[in-house]
Amino acid sequence: MGETTTFFRAAARRDLRRRATAESHWVRRVLVAVALLFLGIFLVLPLIAVFAEGLHKGLGYYLNTFRDPRTLSAITLTFIVAGISVPLNCVFGVAAAWAIAKFDYRGKNILITLIDLPFSVSPVIAGLIYVLLFGAPGPFWNWLSDHDIKIIFAVPGIVLATTFVTFPFVARELIPLMEAQGRTEEEAARVLGASGWQTFWRVTLPNIKWGLLYGVILCNARAMGEFGAVSVVSGHISGGVGTLGTMTIPLRIEVLYNEYNTTGAFALASLLAFLGLVTLALKTWIERKKTAALHAAEMDLRA
Amino acid sequence: MTSKNFRVLPGFRLTLGYTLLYLSLIVLIPLAGVFLKTSTLSWEQFWDTVTALRALASYRLSFGASFLAALTNVFCGVLVAWVLVRYEFFGKKIVDALVDMPFALPTAVAGITLTSLYAPGGWIGGLLAPLGVKVAFTQLGVFIALTFIGLPFIVRTVQPVLEDFDPEIEEAAASLGASRWQTFRRVVLPQLYPAVLTGFSLAFARALGEYGSVVFIAGNMPMKTEITPLLIITKLEQYDYAGATALAVVMLVGSFAILLTVNLLQWRSSRHQAPI
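Going line by line, the protein sequences match chains A and B. Per the working numbering, numbering of the first sequence is gapless, rising by one per residue and ending at 314. Per the working numbering, numbering of the second sequence is gapless, rising by one per residue and ending at 263.
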């Protein structure tokens, strides 16, 4: 009998405690329902719509979109552009994070702010700045046309604009990570006789690999999907068999859409949406790895 | 005695030199070109370009819709962050991952998809049409697109703060007799302000410059549904480089001013607020 009373008292106390710092059941349910409804309408429905519209006229029509040589050259160009921009920003990100996290000097915060700058610049302006620099009215125009070099309305311009909009991704991921990890491990390696490169490859890189991969994946997703900046510098020249043209996948989607080939536009869009979903899955997986690695590092520090 | 500037780790000159060179070549010098180009305009020319009626209408839409979208995301974003941190429900991990969808989905894809959803014959537009609500090709459409792309900014800045929130503070408030709503309003919410402000400004700045997701759904009627980035492109297509640049300067100054204001506000609030 006494035992049951204690049990009920404990339960009552638990209940009180729960009520004090948590909402009642129906409040919880309503809040969860409202949040899920909002996310469902705003995020899930568009995702379903991309694939539904793409497959609207059947699988045959869907696959036919990908047989058009103009679409194929757009896909090739997108991979080429991302294949140049992402490694460039990746090397920069590692160098910048090393320069910022491993040494002390004045003006570091200004440097970090400047690295973040491209995030607060409109993609349209990102394209515009290269048109002003290398286009017909720019300071290099005469020299470039004398030497028959095309930057604007050609692939180099697309690479430059893409590099600009994806500029901070790797760096801003690595800077806080390397700052949190400190310098002791690298210093120990140096004291034990490792060369600078050995220290980097054997000590630093294994520590930052998940953060680096995370930055690269986000950088790549943006590089492949960039529309505004690329649209300004592209000149919209269709590629075909044997010619690359200056159309990336997003620009090709726009052309198909404006030609009232809606199903074709959505079929191609579904390719990018699929890449986006893969990005999200990889991102979630790496986040788990990253927190585990950071946690292990913290435990090491404490030990 | 070792010099104060002695560095154990190598590569300082190499990495900092490379960082500064690459930053200058890709970002700083091209951006400076915008301001140099504007200086070729006389003050009157510049002023006439940036205060033309069509330009003023585009600022009103760009700044107004971006502000309202970011504000909407403050409420929806805090709600989503709260639900994701505090409650358990089926499929929570997938929902959590999906919040980043607007970051991962290319803007052009988002643009055509939202247009087809909200067009009069679309899944949502079809439901709203009998009620007399038009979304696609109106200013409301611009607002919807900007809300879509801004959502992750607020959720992802508020979420970590809520996760680190010490439950003892809420327990203390409850034991002192505060109701749950009072605890939320007076104890939890003030702690969230800096994160909400950061998320708001990020979403606002991103929405201001957004192009891809808006051009399809906006309909792009001059004076009505034309955003400033689109007006810049229109001027470029007419080879009016000076006019495009003048508008770009207005946008750049606008978004830098927002970020600066928010940084100052945060700096002030961190100075005035006693650390817990």
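A virtual CB, placed ideally from N, CA and C, is assigned to each residue, including glycine.
Indicate the three-state DSSP secondary structure (helix, strand or coil) for Gly149 of chain A in the structure shown.
On the first sequence, position 138 is the one that residue 149 of chain A refers to. Correct three-state label for Gly149 of chain A: coil.
If Ala233 of chain B and Val65 of chain B are in contact, beta carbons under 8 Å, what's the gap, nearest whole angstrom?
Position 246 of the second sequence holds residue 233 of chain B. Position 78 of the second sequence holds residue 65 of chain B. The Cβ separation is near 38 Å, so there is no contact.
Cβ pair Leu104 of chain B, Ala60 of chain A closer than 8 Å
Residue 104 of chain B sits at position 117 when you count from the first residue of the second sequence. Residue 60 of chain A sits at position 49 when you count from the first residue of the first sequence. Cβ atoms of Leu104 of chain B and Ala60 of chain A: closer than 8 Å.
Alpha helix (DSSP H) containing Pro147 of chain B: first to last residue?
Start at 1 with the first residue of the second sequence, and residue 147 of chain B comes out as number 160. Looking at the DSSP string, the run of the alpha helix (DSSP H) that includes Pro147 of chain B is Gln126 to Glu150.
Can you tell me whether DSSP reads Gly109 of chain B as helix, strand or coil?
Position 122 of the second sequence, counted from the start, is the residue given in the question as residue 109 of chain B. In the structure shown, Gly109 of chain B sits in coil (DSSP, three-state: anything other than H, G, I, E or B).
Are the C-beta of Thr302 of chain A and some C-beta of chain B separated by less than 8 Å?
The residue given as residue 302 of chain A occupies position 291 in the first sequence. Output row for Thr302 of chain A: interface = no.
For Gly251 of chain A, three-class secondary structure by DSSP:
In the first sequence, the residue the question calls residue 251 of chain A occupies position 240. Three-state DSSP puts Gly251 of chain A in a strand.
Host alpha helix (DSSP H) of Gly168 of chain A (start-end):
Taking the first sequence and counting its residues from 1, one reaches residue 168 of chain A at position 157. Note, Gly168 of chain A: alpha helix (DSSP H), Val166 to Val176.
Cα-Cα, which of A:Pro80, A:Arg213 and A:Ile126 is closest to Gly251 of chain A?
To locate residue 251 of chain A, count along the first sequence from 1; it is residue 240. With distances taken between CA atoms, Gly251 of chain A lies nearest to A:Pro80 out of A:Pro80, A:Arg213 and A:Ile126.
Please list the residues of the region 267 to 278 of chain A that have a C-beta atom closer than 8 Å to any C-beta atom in chain B, keeping them in chain order.
Tyr268, Thr273, Ala276 and Phe277
Of all Cβ atoms in chain A, is any one closer than 8 Å to the Cβ of Thr100 of chain B?
Residue mapping note: residue 100 of chain B aligns to position 113 of the second sequence, counting from 1. Yes, Thr100 of chain B counts as interfacial toward chain A.
For Asn272 of chain A, name the three-state secondary structure that DSSP assigns.
The sequence position of residue 272 of chain A within the first sequence is 261, counting from 1. Coil, per DSSP.
By the criterion of Cβ-Cβ separation under 7 Å, what are the contact partners of Tyr141 of chain A in chain B?
As a first step, residue 141 of chain A is located in the first sequence; it is residue number 130 there, counting from the start. By Cβ distance, chain B contributes Pro17.
Segments assigned alpha helix (DSSP H), at least 4 residues, entirely inside the region 30 to 102 of chain A
36 to 50, 56 to 65 and 69 to 76
Going by beta carbon distance, what residues of the same chain come within less than 8 Å of Arg41 of chain B, once the five residues before and after it are set aside?
Residue numbering aside, residue 41 of chain B sits at position 54 when the second sequence is read from its first letter. If we look at Arg41 of chain B and ignore the five residues flanking it on each side, its Cβ neighbours are Pro209, Met210, Glu213 and Leu218.
Please list, in chain order, the chain A residues whose beta carbon lies closer than 7 Å to that of Leu176 of chain B.
What you label residue 176 of chain B is simply residue 189 of the second sequence in a count that begins at 1. Ordered by position in chain A, no residue passes the 7 Å Cβ test against Leu176 of chain B, which lies about 15 Å from the chain.
To the nearest angstrom, how far is it from the Cα of Pro262 of chain B to the Cα of Gln178 of chain B?
The residue labelled residue 262 of chain B in the question sits at position 275 within the second sequence. The residue labelled residue 178 of chain B in the question sits at position 191 within the second sequence. Only weak support exists for where Pro262 of chain B lies, its pLDDT of 45 falling under 50; the value from the coordinates is given anyway. Computed Cα separation, rounded: 11 Å.
Considering only residues of the same chain and omitting the five flanking positions on each side of Asp153 of chain B, which have a CB-CB separation below 7 Å?
Along the second sequence, one-based indexing puts residue 153 of chain B at 166. Cβ within range, chain order: n/a, list empty.
Between the region 22 to 43 of chain B and chain A, which residues of the former have a C-beta closer than 8 Å to a C-beta of the latter?
Within the region 22 to 43 of chain B, the qualifying residues are Lys24.
Looking at C-alpha atoms only, which residue of B:Val96, B:Ala235 and B:Ala182 is the closest neighbour of Leu252 of chain B?
Position 265 of the second sequence, counted from the first residue, corresponds to residue 252 of chain B. Measuring from the Cα of Leu252 of chain B, the nearest candidate turns out to be B:Ala182.
Could you give the first and the last residue of the continuous alpha helix (DSSP H) run that contains Asp35 of chain B?
Along the second sequence, one-based indexing puts residue 35 of chain B at 48. Residues Trp30 to Val37.
For the candidate residues B:Trp34, B:Arg(-6) and B:Leu(-4), whose alpha-carbon lies nearest to that of Val237 of chain B?
Your numbering for residue 237 of chain B matches position 250 in the second sequence. It is B:Trp34 whose Cα lies nearest to the Cα of Val237 of chain B.
Checking 8 Å against the spacing of the C-beta atoms, do Lys294 of chain A and Ile219 of chain A come in under that value?
As a first step, residue 294 of chain A is located in the first sequence; it is residue number 283 there, counting from the start. As a first step, residue 219 of chain A is located in the first sequence; it is residue number 208 there, counting from the start. The answer is no: Cβ separation not under 8 Å.
Cβ of Thr(-11) of chain B less than 8 Å from any chain A Cβ?
Start at 1 with the first residue of the second sequence, and residue -11 of chain B comes out as number 2. Since pLDDT at Thr(-11) of chain B reaches only 43, below the 50 mark, its modelled position is unreliable, and no value is offered.
At a Cβ cut of 7 Å, what residues of the region 110 to 133 of chain B count as close to chain A, listed as they run along the chain?
Trp110
Going by Cα to Cα distance, which pick from B:Trp110, B:Leu28, B:Pro(-3) and B:Thr59 is closest to Leu58 of chain A?
Translated into the one-based positions of the first sequence, residue 58 of chain A becomes position 47. Taking only the C-alpha atoms, the option nearest Leu58 of chain A is B:Trp110.
Are the beta-carbon atoms of Arg263 of chain A and Thr82 of chain A separated by less than 8 Å?
As a position in the first sequence, residue 263 of chain A is number 252, starting the count at 1. As a position in the first sequence, residue 82 of chain A is number 71, starting the count at 1. Taking a C-beta distance under 8 Å as the contact criterion, Arg263 of chain A and Thr82 of chain A qualify as a contact pair.
Determine whether the Cβ of Phe140 of chain B lies closer than 8 Å to any Cβ atom of chain A.
To locate residue 140 of chain B, count along the second sequence from 1; it is residue 153. Phe140 of chain B does not count as touching chain A.
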